[in-house]
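Data block below; observations after.
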Amino acid sequence: MTVSASSGLPGARPVTLITGATGGIGRALAQRLSPHHDLVLSGRPSPGLDALCDELGAAALPLDLTRPETFEAAVAALGPVTYLVHNAGMVELGPVGGQPHEVWARTLMVNTVAPAELTRVLLPRLRAAQGVVVFVNSGAGLRANAGWASYAASKHALRALADALRDEEAPHGVRVTSVYPGRTATEMQRKVRTQEGAEYQPDAFIQPDTVAATIAFALEAPRDATLTDLSVRPGPRP
Numbered sequence: 056m057t058v059s060a061s062s063g064l065p066g067a068r069p070v071t072l073i074t075g076a077t078g079g080i081g082r083a084l085a086q087r088l089s090p091h092h093d094l095v096l097s098g099r100p101s102p103g104l105d106a107l108c109d110e111l112g113a114a115a116l117p118l119d120l121t122r123p124e125t126f127e128a129a130v131a132a133l134g135p136v137t138y139l140v141h142n143a144g145m146v147e148l149g150p151v152g153g154q155p156h157e158v159w160a161r162t163l164m165v166n167t168v169a170p171a172e173l174t175r176v177l178l179p180r181l182r183a184a185q186g187v188v189v190f191v192n193s194g195a196g197l198r199a200n201a202g203w204a205s206y207a208a209s210k211h212a213l214r215a216l217a218d219a220l221r222d223e224e225a226p227h228g229v230r231v232t233s234v235y236p237g238r239t240a241t242e243m244q245r246k247v248r249t250q251e252g253a254e255y256q257p258d259a260f261i262q263p264d265t266v267a268a269t270i271a272f273a274l275e276a277p278r279d280a281t282l283t284d285l286s287v288r289p290g291p292r293p
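Here it is in structure tokens:
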């Protein structure tokens, strides 16, 4: 399916590009936005991505986040883009003394370099729409714990990217938000719990739709405000 071309006129449906769209948060966000947004859903080429696009009437944008040099050609046929949500990411736990450089290189490529490059190639469209860029960060982007060095380093760098971009693009009317979810009930969290040798109990974590609602709030905030940093933490348990 091709992206429907939004006219950019008042009342036109926004065009929203979501990376990591088949993951827990990405899927929840796509489902939440689909009634009122034209969606471009990005992920690894897969039947899951195709099925989600068919379900929501969205356009698929397969991307390999380890190859940012391919992004410019991949987005060349896109029309306007109003909102860009960087949701994709990867994590491999391990101590500094135990992780080879390949893990560091891949983690930084997927979590930091890829969002930077995708933002760069889409900036003309985002400026034209006076749009919003949302970086889905992590609590690890605010504090690094033992065993989390490579992931936390990539997320600290993502925060720096967002902060610099916010100041650079303010004159163009582009707003930039970082969202810092705590542990969220996703397949990535299941993987993390396995690596930690702990049980995965999804009810103990934030639900993906809660994070999706926070992102949607940032996208749709009135233009007289910029939501710079939003932390989402698990609520009190009875």
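So the mapping is simple: the working numbering equals the position in the sequence shown, first residue as 1, plus 55.
All C-beta atoms, glycine included, are put in the ideal place defined by N, C-alpha and C.
Just mark residue i as buried or exposed, buried being the case when its beta carbon has 16 or more other beta carbons within 10 Å.
i: LEU82; result: For the sequence presented, residue 82 should be read as Arg rather than Leu. Looking at its Cβ environment, which holds 16 or more other Cβ atoms inside 10 Å, ARG82 is buried.
i: ARG99; result: exposed
i: GLY79; result: buried
i: ARG122; result: exposed
i: HIS92; result: buried
i: VAL151; result: exposed
Does DSSP put residue i in a helix, a strand or coil?
i: HIS92; result: coil
i: SER209; result: helix
i: ASP248; result: In the sequence as displayed, the identity of residue 248 is Arg instead of Asp. Looking at ARG248 - three-state DSSP - the assignment turns out to be helix.
i: PHE190; result: strand
i: ALA131; result: coil
i: PRO277; result: coil
i: LEU116; result: strand
i: THR167; result: helix
i: VAL266; result: helix
i: GLU110; result: helix
i: GLY149; result: coil
i: PRO123; result: helix
Is the separation between the beta-carbon of residue i and that of residue j shorter than 8 Å?
i: ALA225; j: LEU88; result: no
i: ALA113; j: LEU94; result: yes
i: VAL70; j: VAL136; result: yes
i: ALA276; j: LEU285; result: no
i: LEU133; j: SER97; result: no
i: GLN185; j: GLY228; result: yes
i: THR265; j: VAL234; result: no
In the DSSP assignment, what are the bridge partners of residue i?
i: THR71; result: LEU94 and TYR138
i: ARG230; result: VAL187
i: VAL284; result: Looking at the sequence itself, residue 284 is Asp, so the reference to Val does not match. DSSP, once it has assigned bridges, lists SER233 as partnering ASP284.
Only counting the same chain, and skipping five residues up and downstream in sequence, which positions put a Cβ closer than 6 Å to that of residue i?
i: VAL130; result: VAL176
Excluding the five sequence neighbours on either side, which residues of its own chain have a C-beta within less than 8 Å of the C-beta of residue i, listed in chain order?
i: ASP279; result: none
Got a sec? Which residues, its chain only, sit under 7 Å from residue i by beta carbon, not counting five neighbours each side?
i: LEU213; result: ASN166, THR167, PRO170, PHE190, ASN192 and GLY196
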